[in-house]
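What follows is one structure encoded as structure tokens, with my remarks underneath.
Residue numbers (the UniProt record's numbering): 1 to 77.
See the structure below:
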């Protein structure tokens, strides 16, 4: 479990990537998390549907060309 209470999205993204590498031992991992932050939509900025995207890249996916290809495949949904 990565979060029992509120936590920083960037840290959680990295923790998930690190866990995948440790458990699965793949050649590469990319984790992309998109979240709606209620703190931005309900108070402060009051921007509706305020979303933040974070990513963590490990292993062979650190290569810029490989990373670009992986992100292209993910976002072509």
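From the three backbone atoms N, C-alpha and C, an ideal C-beta is built for every residue, glycine too. All figures in this text were calculated on a predicted structure; none of them were measured in a lab.
Cβ-Cβ distance between residue i and residue j below 8 Å
{"i": "residue 19", "j": "residue 59", "result": "no"}
{"i": "residue 31", "j": "residue 17", "result": "yes"}
{"i": "residue 61", "j": "residue 50", "result": "no"}
{"i": "residue 53", "j": "residue 34", "result": "yes"}
Three-state secondary structure assigned by DSSP to residue i
{"i": "residue 17", "result": "helix"}
{"i": "residue 3", "result": "coil"}
{"i": "residue 67", "result": "helix"}
{"i": "residue 34", "result": "strand"}
{"i": "residue 72", "result": "helix"}
{"i": "residue 49", "result": "coil"}
Residues bridged to residue i [DSSP beta-bridge criterion]
{"i": "residue 55", "result": "32"}
Residue i, buried or exposed, once every other Cβ within 10 Å from all chains shown has been counted against 16
{"i": "residue 13", "result": "buried"}
{"i": "residue 3", "result": "exposed"}
{"i": "residue 78", "result": "Residue numbering for the chain in the displayed model covers 1 to 77; residue 78 lies beyond these limits and cannot be assessed."}
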